[in-house]
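As given, the protein sequences belong to chains A and B, one line each in that order. According to numbering that gives the first Met the number 0, the first sequence holds residues 0 to 456 in order. According to numbering that gives the first Met the number 0, the second sequence holds residues 0 to 258 in order. Quick reminder that beta carbons are idealized off the backbone N, C-alpha and C, glycines included. The structure appears below as structure tokens.
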Amino acid sequence: MDSTILPTAERAAPAMAHTEPFLAAWQSLESRLNGAQPRPLKALRQAAVDRFAANGFPTPRLEDWRSTDVEAIYETRFAYRNAPGTVTEAELAPFRYAGCAQLVFVDGHYVPALSRLTELPAGIQAGSLAEALAAAPERVGGQLATLARMETPAQAFVALNTAFIRDGLYVAADRGAVAETPIQALFVSTGDDDGVCFPRNLVVADEASQLTVIETYATLGRGRHFTCGVTEALVGPGAVVDHYKVQKEQRSAFHVAALYVHQDRASTFDSHSVQHGGALVRNDWVAVLAGEGVSCTLNGLYVMAGEQHVDNHMLVEHVAPNCYSFELYKGILEEASSSVFNGRIFVHKGAQKTDAVQSNKNLLLSRQALAQSNPQLEIFADDVRCTHGSTVGQLDEEAVFYLRSRGIGDEAAKSILTYAFAADIVERIKPAPVREDLEAFLFQRLPDGDIVRMAAL
Amino acid sequence: MKPIIQIENLHAGIDGVEILRGIDLTVMPGEVHAIMGPNGSGKSTLAQVLAGREDYEVSAGSVTYQGIDLLELSPEDRAREGVFLAFQYPVEIPGVSNTYFLRAALNAIRKHRGEPELGTVDFINLIKRKIQLMQMDESLVKRALNEGFSGGEKKRNEIFHMAVLEPTLAILDETDSGLDIDALRTVAEGVNRLRAESRGFLVITHYQRLLNYIVPDIVHVMVGGRIVRSGGKELALELEERGYADFETELAAAAAPAG
């Protein structure tokens with residue numbers, strides 16, 4: 000787009016004007032809190048709201064937001080939830096992953112009565128961030144907001160989340176502690192009006208600890224709700240963290256989230272992001288490989304239809320030498336849906352022997368669907384191996400014919416191949432309930448899914 | 000006795016270029032026909048047209064399969080009516096089980112014929128019998144469809160599919176190409192075990208070698224989109240010695256006055 004054709008006044012018009020309803024809501028909430036929060040948090044929230052007020056919402060004139068317009072978000076008047084909506088067990092059941100410890104957040108509020116935490120071993124703490132902050136303000140306050148960045152206009156949603164920090168998932172693994180049971184944080188939004196919530200999650204894995212964290216986002220009402228989330232993960236030396244995010248909110252929802260990961264030496268962070276909900280979805284993921292011998296995997300699968308739009312902005316920063324990073328993002332785009340994948344790999348000067356692999360593959364199932372893929376490599380070390388690749392394509396006609404020649408119908412053949420396209424992400428998901436949930440979604444979503452189900456490995 | 004397939008004056012091509020220029024061919028039940036010819040003669044095109052590949056356009060002629068007009072049917076309906084094509088280049092399909100895929104295919108075929116779907120136990124028993132019959136490597140059966148299979152494994156798997164789906168007309172498109180002698184023998188033995196009074200085969204090959212193991216009833220030589228000669232199995236041996244050059248020259252000579 001050529002911005003020079005716009006009148007000067009309009010070019011200068013900041014999206015700041017649109018911040019007012021958010022700032023008014025902040026004022027109202029802040030006065031209601033009436034000092035009932037730890038001091039460091041109050042200062043943090045104040046700094047964040049100031050930053051948000053100064054920067055405003057990002058506009059498509061910012062390079063990082065060129066292809067994702069958030070006007071629909073700032074034009075919506077959201078309802079702020081002072082208490083969780085009413086949720087029945089029957090409504091929640093479809094979103095619970097069997098065999099996991101489960102923390103349930105309704106409209107941003109932790110609901111202990113719906114949560115199940117009985118199975119965690121000693122040395123693993125999982126619960127509400129608000130409760131953890133109240134119990135140990137110094138320690139938890141000292142860990143919070145150490146990674147997330149909210150200075151620039153491109154980071155406005157991180158500032159917004161931080162300004163509204165109230166609750167979220169807090170997981171801490173002591174040195175050497177191993178949680179074999181995955182921890183699921185289930186965030187549901189309720190109500191038929193347009194609610195907003197700001198989940199703030201903090202994962203702290205001390206040296207040589209191991210844990211699996213699953214974030215699930217779902218909708219129970221009919222509102223065009225907005226989830227504005229931030230997750231920070233501090234991965235200590237030799238720690239192993241498996242992270243999953245499953246975003247299955249309803250098709251009119253807004254979802255803007257950031258993940259910040261900081262890895263100490265010889266640690267492993269594996270993340271799989273499954274995205275098929277929402278009207279407008281944006282993820283900003285930043286992994287800092289700070290210590291030697293780190294392994295970082297960021298995989299994802301997005302399946303979009305209608306006019307859904309998903310934007311994944313990835314940044315992997317290789318700071319220390321001898322680190323390995325791997326990114327595989329695959330997208331299935333139907334109808335008039337669209338996607339953006341922006342994969343930046345930044346190799347710092349000292350990060351010799353970096354091994355970085357990045358791949359983004361998109362399958363377009365209609366002529367209207369649009370996928371953008373932008374790999375960006377910035378390399379300041381001279382002994383590294385960095386590879387990247389991106390593809391945008393349609394189903395292979397030869398393969399469709401192959402399946403039809405065995406008696407499989409045309410629709411079913413296409414569905415089988417679409418499933419096959421997604422399979423290498425599906426297969427990498429370790430916890431069976433997460434994997435089976437994704438499979439079930441695909442079988443339900445794809446035409447003739449019962450035939451795909453029959454044929455699936 | 001009615002023919003399994005009767006091809007008459009078949010003309011077909013792709014992107015406006017005619018490749019098949021009047022094919023006549025009749026396969027009777029129980030017969031194995033071999034089609035030999037140089038590269039580019041249209042052998043694979045014939046196979047693709049018979050299986051229903053939509054990229055090809057049929058401009059003239061007819062194909063009658065067990066009394067019905069084959070060209071009217073979609074690829075899947077042809078398969079359901081008993082036509083099977085063993086691909087020259089089978090496609091790798093990750094995430095889809097070789098075995099379960101066959102179950103889905105077999106059940107689609109059974110449904111078409113008004114037969115009940117095969118239950119899990121019956122299907123597994125069927126697969127076990129076919130594994131034994133075809134001397135299949137059991138690990139291949141359990142893996143994703145063709146994924147990571149060697150060239151020979153893919154061809155063997157095509158024959159395994161054929162054994163499970165039990166077609167009436169089996170078309171083998173250069174199933175022998177790229178196979179070492181052991182794999183060739185296995186594939187041929189598999190085909191020979193499936194030879195039956197009710198079944199017809201169309202074996203397309205570039206080399207005579209395969210026909211040492213699958214002994215054909217009739218050999219056709221295809222050059223320039225036409226069958227230029229048909230004969231008994233000894234024709235294959237003659238071709239092996241003479242090559243296709245003579246036929247190509249004959250054809251060029253025959254075509255010259257018309258051009």
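Return the first residue and the last residue of the beta strand (DSSP E) that residue i is part of.
| i | result |
| --- | --- |
| residue 35 (chain B) | 31–35 |
| residue 313 (chain A) | 308–317 |
| residue 48 (chain B) | First-last for residue 48 (chain B): 42–50, but that is the alpha helix (DSSP H), not the beta strand (DSSP E). |
| residue 241 (chain A) | 239–246 |
| residue 332 (chain A) | 323–332 |
| residue 17 (chain B) | 16–26 |
| residue 234 (chain A) | 225–234 |
| residue 241 (chain B) | Unbroken run through residue 241 (chain B) is the alpha helix (DSSP H), 233–241; no beta strand (DSSP E). |
Output yes or no for whether 7 Å exceeds the beta carbon distance between residue i and residue j.
| i | j | result |
| --- | --- | --- |
| residue 172 (chain A) | residue 213 (chain A) | no |
| residue 157 (chain B) | residue 89 (chain B) | yes |
| residue 72 (chain A) | residue 104 (chain B) | no |
| residue 227 (chain A) | residue 255 (chain A) | yes |
| residue 210 (chain B) | residue 33 (chain B) | yes |
| residue 262 (chain A) | residue 268 (chain A) | yes |
| residue 324 (chain A) | residue 359 (chain A) | no |
| residue 276 (chain A) | residue 313 (chain A) | no |
| residue 163 (chain B) | residue 101 (chain B) | yes |
| residue 215 (chain B) | residue 31 (chain B) | yes |
| residue 345 (chain A) | residue 377 (chain A) | yes |
| residue 84 (chain A) | residue 105 (chain A) | yes |
| residue 329 (chain A) | residue 424 (chain A) | yes |
| residue 81 (chain B) | residue 167 (chain B) | yes |
| residue 237 (chain A) | residue 207 (chain A) | yes |
| residue 16 (chain A) | residue 79 (chain A) | no |
| residue 372 (chain A) | residue 333 (chain A) | no |
| residue 379 (chain A) | residue 348 (chain A) | yes |
| residue 220 (chain B) | residue 246 (chain B) | yes |
| residue 411 (chain A) | residue 447 (chain A) | yes |
| residue 67 (chain A) | residue 281 (chain A) | yes |
| residue 335 (chain A) | residue 367 (chain A) | yes |
| residue 259 (chain A) | residue 362 (chain A) | no |
| residue 283 (chain A) | residue 257 (chain A) | yes |
| residue 225 (chain A) | residue 195 (chain A) | yes |
| residue 184 (chain A) | residue 116 (chain A) | no |
For residue i and residue j, which I take to be in contact (beta-carbon distance under 8 Å), what is that distance rounded to the nearest angstrom?
| i | j | result |
| --- | --- | --- |
| residue 173 (chain B) | residue 87 (chain B) | 5 Å |
| residue 266 (chain A) | residue 290 (chain A) | 7 Å |
| residue 250 (chain A) | residue 204 (chain A) | About 34 Å; that fails the 8 Å criterion. |
| residue 75 (chain A) | residue 52 (chain A) | About 19 Å separates the two Cβ atoms, so there is no contact after all. |
| residue 107 (chain A) | residue 166 (chain A) | 6 Å |
| residue 204 (chain B) | residue 35 (chain B) | 6 Å |
| residue 230 (chain A) | residue 178 (chain A) | Not quite, the Cβ-Cβ distance comes to about 17 Å (not below 8 Å), so this is no contact. |
| residue 202 (chain A) | residue 239 (chain A) | Incorrect: roughly 12 Å between the Cβ atoms, too far for contact. |
Note the first and the last residue of the continuous alpha helix (DSSP H) segment covering residue i.
| i | result |
| --- | --- |
| residue 425 (chain A) | 409–425 |
| residue 47 (chain A) | 38–54 |
| residue 276 (chain B) | Any answer about residue 276 (chain B) is impossible in this case: the structure gives chain B only from 0 up to 258. |
| residue 466 (chain A) | It is not possible to answer for residue 466 (chain A), since the shown part of chain A is limited to 0 through 456. |
| residue 28 (chain A) | 19–32 |
| residue 5 (chain B) | Premise fails: residue 5 (chain B) lies in the beta strand (DSSP E), 4–13, not in any alpha helix (DSSP H). |
| residue 438 (chain A) | 431–444 |
Worksheet item: Using 8 Å as the threshold, is the region 39–57 of chain B in touch with the region 426–442 of chain A, meaning 3 or more CB pairs across them?
Response: By the C-beta criterion, the region 39–57 of chain B is judged not to be in contact with the region 426–442 of chain A, since fewer than 3 inter-stretch pairs fall below 8 Å.
Worksheet item: Are the region 425–435 of chain A and the region 86–104 of chain A touching by the rule of at least three beta carbon pairs closer than 8 Å?
Response: yes
Worksheet entry | Uninterrupted beta strand (DSSP E) stretches inside the region 73–119 of chain B (no shorter than 3 residues) | 82–85, 92–96
Discussion item. If we require 3 or more residues per run, which beta strand (DSSP E) segments fall completely within the region 141–208 of chain A?
Written reply: Segments of the beta strand (DSSP E) lying fully in the region 141–208 of chain A: 168–172, 182–188, 194–196, 199–204.
Discussion item. Report the start-end ranges of each beta strand (DSSP E) in the region 248–318 of chain A that is 3 residues or longer and not cut off at the edges.
Written reply: 253–262, 267–274, 279–288, 294–303, 308–317
Item to complete: Tell me, please, whether the region 37–56 of chain A touches the region 136–153 of chain A by the rule of three or more beta-carbon pairs shorter than 8 Å.
Response: Touching, per the Cβ criterion.
Practice prompt. Take every Cβ of the region 136–151 of chain B, pair it with every Cβ of the region 195–207 of chain B, and state whether three or more of those distances are shorter than 8 Å.
Written response: No contact exists between the region 136–151 of chain B and the region 195–207 of chain B.
Discussion item. As an exercise, report each continuous beta strand (DSSP E) stretch of at least 3 residues that is fully enclosed by the region 146–198 of chain B, in chain order.
Written reply: 168–172
Worksheet item: Hey, is the region 441–453 of chain A in contact with the region 48–61 of chain B, meaning 3+ C-beta pairs nearer than 8 Å?
Response: no
Worksheet entry | alpha helix (DSSP H) runs wholly inside the region 361–410 of chain A, at least 4 long, in chain order | 396–403
Worksheet entry | Contact between the region 129–145 of chain A and the region 213–225 of chain A (3+ Cβ pairs under 8 Å) | no
Discussion item. Does the contact criterion of 3 or more C-beta pairs under 8 Å hold for the region 106–118 of chain A versus the region 155–162 of chain A?
Written reply: With a cut-off of 8 Å, the region 155–162 of chain A and the region 106–118 of chain A do not count as touching, because too few Cβ pairs lie within range.
Worksheet entry | Inside the region 66–135 of chain A only - alpha helix (DSSP H) runs reaching at least 4 residues | 70–73, 88–91, 128–134
Worksheet item: Which ranges would you report for the beta strand (DSSP E) in the region 331–361 of chain A if only whole runs of at least 3 residues count?
Response: 337–346
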